[in-house]
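Quick note on full-length UniProt numbering: the sequence shown kicks off at 1 and runs consecutively. The beta carbon of each residue, even a glycine, is placed where N, CA and C say it ideally should be.
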Amino acid sequence: MSTVGSRANVQHQSNPQHERRENHKPNTTTEKEDHYVLTLWTDEVHHDVMTALRRQWFPTRLLKVEAHVTLFHALPGSKLHQLKQDIASIAEGTSKFDITAKREGIYEMGKGVGIRLSEGQKKAAKLRSELTDKWEPFLSRQDQQERWRGHYTIMNKEDDRARVTECLKELQDGFEDSRGTVNGLNLWRYDRGWWREAEAFPFRK
């Protein structure tokens, strides 16, 4: 099993404390444990296109990770062995599939802007559903939500309302659809807002 490269870590000199909200914590008895994030692993060309947008619009002081589609936000480190086994099993039986971020998927999300997946949403949701069935007892309330919609967060936590409006308009006027391939799944260790290197689980079929 290969190790994920460092491309999803955006380098900053500071590393402020970052406390997770209760809804974003795993449902385990362990108070202090590592949390893990599971994302789609896409080809580099598509990844770079979406990351360029995120770098352009995300508040610089808060930018810690590159563009991503998150399946689960807070998986417990105390279950890491099971997590890896289940992810590997799912990956072994899954074929690569296409995803597309389209202009029609652009939407405002409070203090930010996102782009929903169009092509590939159903396949990604099926993967997530299969893992949810295995992990439901220890998932965070956020990860237990039944209606999951894959998306890229281009901007978030922006207090300047005019900036949010500007981002939304520019994307709606000028974003060209970006199509990519999902090659597998990436499991990251969450560290106070940063995502540290973990493992890649390539699809085998």
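### Message
Using a Cβ-Cβ cutoff of less than 8 angstroms, which residues in the same chain neighbour G5 once the five nearest sequence positions on both sides are dropped?
### Response
Here G5 scores only 40 on pLDDT, less than 50, and its place in the model should not be relied on; the value that follows carries that caveat. So the qualifying residues of the chain are E197.
### Task
Report the rounded CA-to-CA distance for R54 versus A67, giving the unit in angstroms.
6 angstroms
### Task
Determine the extent of the beta strand (DSSP E) in which D177 is found, giving its start and end residues.
Unbroken run through D177: none, as it is neither H nor E.
### Query
Which partner residues does R196 have in the DSSP bridge list?
R189
### Task
Note down, in chain order, each residue of its chain lying with its Cβ closer than 6 angstroms to the Cβ of N186, except the 5 sequence neighbours on either side.
V4, T39, W41, A200
### Task
Could you name the residues that DSSP lists as bridge partners for T165?
T165 is not bridged to any residue.
### Task
Name the two residues that bound the continuous alpha helix (DSSP H) containing L53.
44 to 57
#### Entry: Burial state of H81 (16 or more Cβ within 10 Å)
exposed
#### Entry: When E170, R61, W135 are compared against E158, the one with the closest alpha-carbon
R61
### Query
According to the Cβ coordinates, are V37 and Y190 closer than 8 angstroms?
yes
#### Entry: Helix, strand or coil at K79 [DSSP, three-state]
helix
### Query
Which residue comes first and which comes last in the alpha helix (DSSP H) that contains E130?
121 to 135
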